[in-house]
Ligand code: ADP
Ligand code: MG
């Protein structure tokens, strides 16, 4: 890492937890490695997931709409916008506080961010993205018949609603984010992968979907001409033969190696696969760009090059 790099940090579910209390507590820890980067002189742009949060908001709104004629149905993109505000509120305050604890005066703000997708993206034909709470098979079946949701079994943890996961094409607020970053602000953007919208003339129209935050992070990193994409998740390194006795944790992958491992099916779709794909996409986009996948707990060491999995173009 150079003295002053532009770094997009993508936070996973473990950085935020599952309830407001938990989130408020966890973001204090999350803020530390982020402020380390800022203190080291880097420009930091923050992205984050929102699966549990948007699911919770969506479920709460749907439940009250069902039981009260005074509560309107809240569309899914609006729930996404709410989740960006809710998560951004906690994150920006935690980072601000950590900065002030170190006597650093750096402005931090969240930009409600819309990400443009193709309305005809073939992803809309087969929804894959799990959101919200886990349900028993019985409740899941009820939601399928009552709401027309698509429900799938998620890694042995129960059933979840799935929505489409289209690819990000562009970031509607990119000029704003760029201006803030160029002026030394810490920006939280593309929260939850951004609010998915499509262009219809001069209008941006929200669409019920979840853009993968790993892909949206790679996209904003490309747009901002970042040097680094750092994906912080629950594992310290990426592995091949993950979950098998012959598991091998990787410190580095070339793009070619990463693509080869993908073709061999080493990375779970919906969890590690999009991270590796996003890392490849970013590292490929311009010479010198690097992507790092490591855990939130090991972020500090990962950034110093001591752990994690780095993906570089040769
Ligand atoms: P996040 O909320 O950070 O996006 P995910 O749960 O979506 O986290 O993805 C990270 C998870 O991917 C890890 O906790 C790990 O269990 C799983 N995983 C799947 N395949 C692999 C692999 N090949 N190497 C490492 N972790 C993997
Ligand atoms: Mg994920």
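Numbering (this note's numbering), first residue to last: 1 to 314. Quick reminder that beta carbons are idealized off the backbone N, C-alpha and C, glycines included.
Would the beta-carbon of residue 271 be found less than 7 Å away from any heavy atom of the ligand FAD? Here the bound small molecules are the ligand ADP and the ligand MG; the ligand FAD is not part of this structure.
For residue 213, count neighbouring Cβ atoms within 10 angstroms of its own Cβ and tell me buried if that reaches 16, exposed if not. buried
Rounded to the nearest angstrom, what separates residue 108 and residue 142 at their Cα positions? 43 Å
Is residue 243 near the ligand MG - that is, is its Cβ less than 7 Å away from at least one heavy atom of it? no
If you draw a straight line from the alpha carbon of residue 119 to that of residue 172, how long is it in whole angstroms? 15 Å
Say yes only if the C-beta of residue 30 is nearer than 7 Å to one or more non-hydrogen atoms of the ligand ADP, and no if none qualify. no
What I want to know is whether the C-beta of residue 14 ends up closer than 7 Å to one or more non-hydrogen atoms of the ligand ADP. yes
Quick check on the DSSP output: the alpha helix (DSSP H) that includes residue 104 runs from which residue to which? Here residue 104 belongs to no alpha helix (DSSP H), and DSSP marks it neither H nor E.
When the Cα atoms are used, what is the spatial distance from residue 176 to residue 36? 25 Å
Can you tell me which of 251, 54 and 32 puts its alpha carbon nearest to the alpha carbon of residue 99? 32
Quick check on residue 190: buried or exposed, where buried means 16 or more other Cβ atoms within 10 Å of its Cβ? buried
Length of the line joining the Cα atoms of residue 259 and residue 19: 36 Å
Closer than 7 Å: residue 49 CB and nearest the ligand MG heavy atom: yes
Who pairs with residue 206 in a beta bridge, going by DSSP? 197
If you draw a straight line from the C-alpha of residue 207 to the C-alpha of residue 197, how long is it? 6 Å
Kindly list the residues whose CB is nearer than 7 Å to the CB of residue 284, restricted to its own chain and excluding five residues on each side of it in sequence; keep chain order. 255 and 313
In angstroms with no decimal places, state the Cα-to-Cα distance between residue 39 and residue 6. 13 Å
Hey, is residue 235's beta-carbon within less than 8 Å of any beta-carbon in chain D? No chain D appears in the structure shown, which is made up of a single protein chain.
Rounded to a whole number of angstroms, what is the C-alpha to C-alpha distance between residue 262 and residue 104? 42 Å
Which of helix, strand or coil does DSSP assign to residue 269? coil
Three-state secondary structure (DSSP) at residue 300? helix
Pick out whichever of 53, 167, 310 and 41 has its Cα sitting closest to the Cα of residue 249. 310
Per-residue burial, residue 43 [other beta carbons within 10 Å of its own, 16 or more giving buried]: buried
If you follow the alpha helix (DSSP H) that residue 228 is part of, which residue opens it and which one closes it? Counting along the chain, residue 228 falls outside any alpha helix (DSSP H), though it belongs to the beta strand (DSSP E) covering 228 to 233.
In the DSSP assignment, what residue or residues form a beta bridge with residue 130? 162
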